[in-house]
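In the UniProt record's numbering, the protein residues as written are 1 to 683.
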C-alpha cells in the first residue's frame, strides 16, 4: 500500500496547481474586430461597374448610365463560386473612380436608377447583400473617394456628397465586415463637363477623422481599409504578395492614402505604434475589370498557389478579385481557376502530421501554457515560456520517419506580434540539421521546403520582441504541383518551349485548339514570324499527370525592325525579354517596321525592374508613311499602371503604316519614359 502514496500525492498536487499568469502583452495589440477579421483569412472582390461596359480599368467619368446593362446578372452565382472556393466574404465596387453607383442613390443621377438594367428599378447592392447573407457570406463595400464624374470633386461640397452616400450604404444594407477605400486620388476627369485635371491634398482633403467617426457610429464592427488603415492596410502591391518579413505593426500616423513612397511602409514596422495588419489584393486576371481579350490570361494554378503561400502564408489576408463579365456573371474560366485553387489548398493541408506526434519543449510557462496547446486546434490556447526566456524550442516526435514539406505556425497575436527569427530542424543520426528558416510569424506563417524525411523535428525560436506565445503548429506533406511549360520567342521569331523538369514531355499546338497528349511533341525550336497562338502542356513521365495549358499570343517578329535613335540600348525595348528596358530621353519610341503593315493596335509593357521609373501614364500613338509626316491614331491613358504594371493593350481600327511612334505625354513620376517591351497587333 505504501508504494502508492507518492503517485497519489503527486496526482493530488497536480490537480491543485493554479494556472500560471498569462504573459504581458507586447504592444500594439489588435482590437476585437481585427481579430474576427483576421480569422476570415481569405475572401473575394467583385469588380463590376461601368468599367465593365466601357472596357476600361479607370473610367473618365463621362460615361452614360444607359451603358450599364448586364443581360444575365446573377449575384447568387457570384456567391456560389466564392463559397465553393472557400471564401468567407465578398466585397463589391459600389462606386469606382468614374462615379457611377450600383444603388439608387438619392444624391446622384449617375446610378443604376437611370440605366436600362431592371428598367431602372434595380438595386445591385441589395441583390448582392441578399445573395451573400442567404449563403452565410460576409458583406463588404468598396467606395472610391475619387470621383471623375462629380462636378464638385476637389471642393468641400464633395466631402458632404461622399458622406451622404456612405451613410446610405452603411445604414440600408445591414452589417458590413469591411469598408474599402482606394488610394487613387485626384487627376484628370470629366467633372461635370469641366474636363480638367484636379489635384487634392491627399493628407487633408477628405478629413478622414470625421469620416471615420461617422463610419464607427454606423458600422462599429466594420474593418476600415486604406493604405494607412486605420484597421487594415494595403500590402503595397497588386500582385497578392506579402513579404518574408511582414509585421502587423504600423507607424500609422506617418502613413496616408496615396502617399508616393508607401512601399517603404508596406511591410509594417517592428516598432510600429498601431496594429494595422496587411491585406494582399490581386485579380484572377491581369486587369481588375473584365476584358474579353484577357480570357486566356486567367492565372494558372501554380500562380494562384504562389499567391496563397506568399499572402496567407506570410501574415496577411488574401483578397482575390473576380472581374464579373458583361453578362453579369463570373466567367467560366475564372470559376474553373479559383475552384482548382480551392481543391489544391484542401489537398495540401488534408493531413496534419503533427496530430500524431508527441510534443515537448525546452521551457514551459506552467499550468495552462504547455505544449499540448500547440496541437488542440484552438487558436485561443497557446504555449509560452517563463518571463525573460525568449530563446526556446518545441520538439515533435512522430514515432516513425515521415515525409513532409510544409510547416504551419501561428502566434497568439491577441498579445502582440513577437517572433523575429525562427528555424526548423530535423534530427539525423542524433544531430540536428537545418531544414528551413523564417523571420516573422504573426497570425499565420507557412514555410515551404523540399520534401524531407525525419522522425523528429524541432522549431527553434531564436529572436523575438518578447517571450514566444505560439498557438498552433502543423506539419504537412503537399503533393507536387505540375507547372505549365514556358514558351519564349527570340526577336527573329525562334520559339522554344521548356518544361520545369527534364523528365517531362511537352506537346504543343499552333491551330488555336488546345494541345493533346501524344500529339505534336515539342522536339526543337521552330519559327513564328506572324500573328500566331502557341499553346503547350507538360506531361510527367512518372505519374502521367498533365500540367495546365500555357498560352502565348505572338504577333509580328521584331528582328527586322529598326528603331530610329542613336541610342543602341533601344533594342532592349523590342528584345522579347520582359526584364530588360530602355529609357528614352526624348520620351518616345520610333520604329521603322521595314515595310507597310496593316496595324490593329499595340502593346506596351512598363519596365519590370525592382525599382521602376518612367511608367507612361498618358500616351499618343502616331503612324507615318515616310517617317516625317505623322498622323495621330490614338491618344489616351494607361490607368492604374503604377499599382498594376502589366502589359497594356490598345486596339483601334485597321490602319496602314511603315513608321510608328509611341510618345509619352506624361509619366507617373515625371522621369523620362521607360519601355519594357513594345509590340504591335495585326489581328
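Virtual Cβ for every residue (Gly too), placed ideally from N, Cα, C.
{"Item": "Reduced DSSP secondary structure (H/G/I, E/B, other) of residue 221", "Value": "coil"}
{"Item": "Pick from 458, 655, 547 that is closest to residue 630, judged by C-alpha positions", "Value": "655"}
{"Item": "For residue 117 and residue 326, the rounded distance between their alpha carbons", "Value": "12 Å"}
{"Item": "Residue from 635, 181, 657 with nearest C-alpha to residue 626", "Value": "657"}
{"Item": "Counted within 10 angstroms of its Cβ, other Cβ atoms place residue 628 as buried (16 or more) or exposed", "Value": "exposed"}
{"Item": "Start-to-end residues for the beta strand (DSSP E) that takes in residue 535", "Value": "532 to 540"}
{"Item": "Close-in-space but distant-in-sequence residues of the same chain around residue 347 (CB under 8 Å, 5 per side omitted)", "Value": "478, 479"}
{"Item": "Coarse secondary structure for residue 252, derived from DSSP in three states", "Value": "helix"}
{"Item": "Validate contact between the segment 67 to 84 and the segment 254 to 271 using beta carbons, cut 8 Å, 3 pairs", "Value": "no"}
{"Item": "C-beta contact flag for residue 724 and residue 93 at 8 Å", "Value": "In the structure displayed, the chain extends from 1 to 683; residue 724 sits before or after that span and is not available."}
{"Item": "Secondary structure of residue 19, DSSP reduced to three states", "Value": "coil"}
{"Item": "Beta strand (DSSP E) runs wholly inside the segment 616 to 641, at least 3 long, in chain order", "Value": "616 to 624, 631 to 637"}
{"Item": "Check whether residue 173 and residue 125 have beta carbons under 8 Å apart", "Value": "yes"}
{"Item": "Proximal residues to residue 86 (C-beta, below 6 Å), its chain only, five neighbours per side dropped", "Value": "342"}
{"Item": "Residue 39 and residue 83 closer than 8 Å at C-beta", "Value": "no"}
{"Item": "Cβ-Cβ distance between residue 423 and residue 462 below 8 Å", "Value": "yes"}
{"Item": "Residue 233 burial status per 10 Å Cβ neighbour count (16 or more: buried)", "Value": "buried"}
{"Item": "Of the residues 668, 436, 318, the one placed nearest residue 187, counting alpha carbons only", "Value": "668"}
{"Item": "Three-state secondary structure assigned by DSSP to residue 608", "Value": "coil"}
{"Item": "Beta-carbon spacing of residue 578, residue 677 below 8 Å", "Value": "yes"}
{"Item": "Exposed unless 16 or more other CB atoms sit within 10 angstroms - verdict on residue 683", "Value": "exposed"}
{"Item": "Residue environment, residue 157, which counts as buried when at least 16 other CB atoms sit within 10 Å", "Value": "exposed"}
{"Item": "Simplified DSSP state of residue 120, which is helix, strand or coil", "Value": "helix"}
{"Item": "Cβ pair count under 8 Å reaching 3, the segment 485 to 501 against the segment 394 to 406", "Value": "no"}
{"Item": "Exposure label - residue 680; buried when at least 16 CB within 10 Å", "Value": "buried"}
{"Item": "Those residues which DSSP pairs with residue 452 across a bridge", "Value": "404"}
{"Item": "Residue 64 - DSSP class collapsed to helix/strand/coil", "Value": "coil"}
{"Item": "DSSP bridge partner residues for residue 178 (one or two, in chain order)", "Value": "140, 223"}
{"Item": "Whole-angstrom distance between residue 618 and residue 177, CA atom to CA atom", "Value": "37 Å"}
{"Item": "Sheet register partners of residue 360 (DSSP bridge)", "Value": "395"}
{"Item": "Cβ-based neighbour list, residue 570, same chain, cut-off 7 Å, excluding 5 preceding and 5 following", "Value": "563, 582"}
{"Item": "Paired residues, beta bridge with residue 459 - DSSP", "Value": "394, 424"}
{"Item": "Boundaries (first-last residue) of the alpha helix (DSSP H) holding residue 52", "Value": "50 to 54"}
{"Item": "Secondary structure, beta strand (DSSP E): runs of 3+ residues fully inside the segment 276 to 345", "Value": "278 to 283, 316 to 323"}
{"Item": "Start-end ranges of the alpha helix (DSSP H) lying completely within the segment 183 to 240, minimum 4 residues", "Value": "208 to 218"}
{"Item": "As assigned by DSSP and simplified to three states, the class of residue 488", "Value": "strand"}
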